[in-house]
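Engineer: Protein chains in written order, with the numbering used here: chain A, 1147 to 1347; chain B, 1147 to 1347.
No residue lacks a Cβ here, since even glycine has one placed at the ideal position from N, Cα and C.
Questions regarding the structure given below will be posed in turn.
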DNA sequence: ATGTGTGCAAAAAATTTGCATGTCC
DNA sequence: GGACATGCAAATTTTTTGCACACAT
């Protein structure tokens, strides 16, 4: 199922190169470039998926690229294609497990390793660009540490994750602050329940 | 660190026996009872920890025993010492990972297997006696599916989990129901943030 | 040029499953 | 007595880590 890096996808690479604002060489496709397959394992590869409509993902992405580059530079860290791809994936997916992020990234760059995804998610969280929560079951899900915070509505029926303005919590958070001295982090609230569609059934 | 089943702890076993309302034989301490240690692995064992003050845990526990026995019977399932111990552990711990539950159970019955804990937690959740959520980081935490539901206040600073009446959500849940048709499960809400003590620092 | 990041493989941790045996009803 | 649970071990799955090599700066 993996792509062998037959060719580099222009659109994607171009954007990356631009974002990195660097030399004109190869941005991605690291090790063993020319090597056929020395030891059976697949190396870096590309694929030409990725539809480019002007989704909110797109918007976030470009903003993110700048922010990412900037924040990394500040901390003496490096901007790599993998890091950008992981960040984009998180923005695109909205809420995703490390594994889902990996799959998403793999659509574009098949060779990116899962451990890199883990390491990168951790880094991005450190930096403050993404956060992780635990929606419903199992694995942790990562999502953008959006400037505009939102409250999650997780449906137990269909698993959909919807969002609403954190302002719905104004009353509650005031009350909790007053009565308990507890400051609610409204950017990390999830309500579980049943959505309209599932309730109808 | 494991206890070898030198003797059975009276207090605990008594309660179990009573709850099970069964014969007067051994309630716990299954396989290899008399066997010294045939194959290196520790078998069932007991310990005499467990302080018995009248905590809310105690209260929950007795109520739970009845409920558990009853619900199990209804579904043609069996009441076992393991199941009771796991349930008690969940009540006592408040919020705990499968591993923590296992440790707690092990304080009383050292031989209970971790896989039994997993299986039992799943069963208890099925039955509706416990629920699991994902507080802050890492692993899932199980807690009693209390009759009186409550909202969790999880402090990111000290990790403390406080609880408040779900009534604080009345406004929000009404609003969400009206505007989004989303029915909030108020028994499973967690707010993350900073508690009074940590905010002071 | 050089220190950082990545892929890879293996280790560690967490969770699940099959099976033989023991036990609840 | 018979079905159901449990312990145990092994299989899976998820996450972490050590290392050598490549690459961003």
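(1) Please classify residue 1274/B as buried or exposed, where buried requires at least 16 other C-beta atoms within 10 Å of its C-beta.
(2) Counting pairs of Cβ atoms below 8 angstroms between the stretch 1253-1265 of chain A and the stretch 1227-1239 of chain A, do you hit three or more?
(3) Does the beta carbon of residue 1302/B sit closer than 9 angstroms to a beta carbon anywhere in chain A?
(4) Can you pull the chain B residues whose beta carbon is under 7 angstroms from the beta carbon of residue 1334/A, in chain order?
(5) Counting only beta-carbon separations shorter than 9 angstroms, does residue 1274/B have a partner in chain A?
(6) On a CA-only basis, which of 1216/A, 1307/A, 1328/A, 1322/A is nearest residue 1344/A? Give me that one, please.
(7) Going by DSSP, what residue range makes up the beta strand (DSSP E) through residue 1297/A?
(8) Counting only Cβ-Cβ distances shorter than 9 angstroms, please list the residues of the stretch 1237-1258 of chain B near chain A, keeping chain order.
(9) Take residue 1302/A as the anchor and find which of 1330/B, 1218/B, 1253/B has the nearest alpha-carbon.
(10) Residue 1329/B versus chain A: which residues are under 7 angstroms apart at the beta carbon?
(11) Indicate the three-state DSSP secondary structure (helix, strand or coil) for residue 1327/A in the structure shown.
(12) Bridge partners of residue 1336/B, per DSSP?
(13) Please report how far the alpha carbon of residue 1217/B lies from the alpha carbon of residue 1300/A, in whole angstroms.
(14) Which same chain residues end up closer than 6 angstroms to residue 1335/A when comparing Cβ atoms and leaving out the 5 residues on each side of it in sequence?
(15) In three-state DSSP terms, what is residue 1276/B?
(16) Interface residues of chain B around residue 1299/A at Cβ under 9 angstroms?
(17) For chain B, is any of its Cβ atoms less than 9 angstroms away from the one on residue 1315/A?
(18) Please report how far the alpha carbon of residue 1338/A lies from the alpha carbon of residue 1323/B, in whole angstroms.
(19) Less than 9 angstroms between CB atoms is the rule here; does residue 1263/B satisfy it with respect to chain A?
(20) Determine the contact status of residue 1233/A and residue 1250/A, defining contact as a CB-CB distance below 9 angstroms.
(21) Please state whether DSSP places residue 1262/A in a helix, a strand or coil.
(22) For residue 1304/B, count neighbouring C-beta atoms within 10 Å of its own C-beta (all shown protein chains included) and say buried if the count is 16 or more, exposed if not.
(23) If we define contact as Cβ-Cβ less than 9 angstroms, is residue 1318/B a contact residue for chain A?
(24) Measure the alpha-carbon distance for residue 1326/B versus residue 1311/A and round it to whole angstroms.
(25) Tell me which same chain residues have a C-beta within less than 8 angstroms of the C-beta of residue 1350/A, skipping the five on either side of it?
(26) Check whether the Cβ of residue 1307/B lies closer than 9 angstroms to any Cβ atom in chain A.
(27) Just verifying my parser: in three-state terms, what is the DSSP assignment at residue 1366/B?
(28) Taking the C-alpha atoms as reference points, what is the distance between residue 1279/A and residue 1279/B?
(29) Who are the near neighbours of residue 1276/A in its chain, counting only those whose CB is closer than 8 angstroms to its CB and skipping five residues on each side?
(30) Between residue 1310/A and chain B, is the shortest Cβ-Cβ distance under 9 angstroms, so that the two count as touching?
(31) Whole angstroms are fine: how far does the CA of residue 1340/B sit from the CA of residue 1246/B?
(32) Terminal residues of the continuous beta strand (DSSP E) containing residue 1290/B?
(33) For residue 1308/A, write down the residues that DSSP places opposite it in a beta bridge.
(34) Buried or exposed for residue 1319/A, please, with buried defined as at least 16 other CB atoms from any protein chain shown within 10 angstroms of its CB.
(35) Pull up the distance between the alpha-carbon of residue 1253/A and that of residue 1220/B, whole angstroms please.
Structural biologist: With the given structure in hand:
(1) Residue numbering aside, residue 1274/B sits at position 128 when the second chain is read from its first letter. Residue 1274/B comes out exposed.
(2) yes
(3) Here the question's residue 1302/B lines up with position 156 in the second chain. True, the Cβ-Cβ gap to chain A drops below 9 angstroms.
(4) Residue 1334/A sits at position 188 when you count from the first residue of the first chain. Under the 7 angstroms cutoff, chain B gives 1338.
(5) Walking along the second chain from the start, residue 1274/B turns up at place 128. So, not an interface residue.
(6) Position 198 of the first chain, counting from 1, holds the residue named residue 1344/A. Selected option, being the one with the closest Cα: 1307/A.
(7) Locating residue 1297/A in the first chain gives position 151, where the first residue counts as 1. Segment 1297-1301, the beta strand (DSSP E) holding residue 1297/A.
(8) none
(9) Within the first chain, numbered from 1, the residue matching residue 1302/A stands at position 156. With distances taken between Cα atoms, residue 1302/A lies closest to 1330/B.
(10) If you number the second chain from 1, residue 1329/B lands on position 183. Listed by position along chain A, the residues whose Cβ is nearer than 7 angstroms to that of residue 1329/B are 1339, 1340, 1345.
(11) Numbered from its first residue, the first chain carries residue 1327/A at position 181. Coil.
(12) Here residue 1336/B is taken as the residue at index 190 of the second chain, counted from 1. Beta-bridge pairing links residue 1336/B to 1336/A, 1298/B.
(13) Taking the first residue of the second chain as position 1, residue 1217/B is located at position 71. Taking the first residue of the first chain as position 1, residue 1300/A is located at position 154. Distance between the alpha carbons of residue 1217/B and residue 1300/A is about 29 angstroms.
(14) By one-based count along the first chain, residue 1335/A stands at place 189. So the qualifying residues of the chain are 1297.
(15) In the second chain, counting from the first residue as 1, residue 1276/B sits at position 130. Of the three classes helix, strand and coil, the one that applies to residue 1276/B here is strand, per DSSP.
(16) For the purposes of this step, residue 1299/A is identified with residue 153 of the first chain, where counting begins at 1. Ordered by position in chain B, the residues that pass the 9 angstroms Cβ test against residue 1299/A are 1322, 1326, 1328, 1330.
(17) Reading the first chain from its first residue, position 169 is the one you call residue 1315/A. It does: the Cβ of residue 1315/A has a partner Cβ on chain B nearer than 9 angstroms.
(18) The residue you call residue 1338/A lines up with position 192 of the first chain. The residue you call residue 1323/B lines up with position 177 of the second chain. Taking the straight line from one Cα to the other gives about 13 angstroms.
(19) Here residue 1263/B refers to the residue found at position 117 of the second chain. With 9 angstroms as the cut-off, residue 1263/B does not count as an interface residue toward chain A.
(20) Here the question's residue 1233/A lines up with position 87 in the first chain. Here the question's residue 1250/A lines up with position 104 in the first chain. Their beta carbons are not under 9 angstroms apart, which means residue 1233/A does not touch residue 1250/A by this criterion.
(21) Position 116 of the first chain holds residue 1262/A. Helix at residue 1262/A.
(22) Along the second chain, one-based indexing puts residue 1304/B at 158. Per the 10 Å Cβ criterion, exposed.
(23) As a position in the second chain, residue 1318/B is number 172, starting the count at 1. Residue 1318/B counts as touching chain A.
(24) For the purposes of this step, residue 1326/B is identified with residue 180 of the second chain, where counting begins at 1. For the purposes of this step, residue 1311/A is identified with residue 165 of the first chain, where counting begins at 1. One C-alpha to the other measures close to 12 angstroms.
(25) For residue 1350/A there is no data in the structure shown, the boundaries of chain A being 1147 and 1347.
(26) Counting from 1 along the second chain, the entry for residue 1307/B is found at position 161. Cβ-Cβ to chain A under 9 angstroms: no for residue 1307/B.
(27) Since the first residue of chain B shown is 1147 and the last is 1347, residue 1366/B is not available in this structure.
(28) Mapped onto the first chain, residue 1279/A falls at position 133. Mapped onto the second chain, residue 1279/B falls at position 133. Straight-line Cα distance between these residues: approximately 11 angstroms.
(29) For the purposes of this step, residue 1276/A is identified with residue 130 of the first chain, where counting begins at 1. 1233, 1236, 1267, 1270, 1288, 1289, 1290, 1291.
(30) Numbered from its first residue, the first chain carries residue 1310/A at position 164. Residue 1310/A counts as touching chain B.
(31) The residue labelled residue 1246/B in the question sits at position 100 within the second chain. The residue labelled residue 1340/B in the question sits at position 194 within the second chain. Near 24 angstroms, if we compare the C-alpha coordinates of residue 1340/B and residue 1246/B.
(32) Taking the second chain and counting its residues from 1, the one referred to as residue 1290/B is at position 144. Run containing residue 1290/B: 1287-1290, per the beta strand (DSSP E) assignment.
(33) Your numbering for residue 1308/A matches position 162 in the first chain. Answer is 1299/A, bridged to residue 1308/A.
(34) Counted from its first residue, the first chain places residue 1319/A at position 173. Its Cβ being crowded by 16 or more others within 10 Å, residue 1319/A is buried.
(35) Here residue 1253/A is taken as the residue at index 107 of the first chain, counted from 1. Here residue 1220/B is taken as the residue at index 74 of the second chain, counted from 1. Straight through space, the alpha carbons of residue 1220/B and residue 1253/A are spaced by roughly 50 angstroms.
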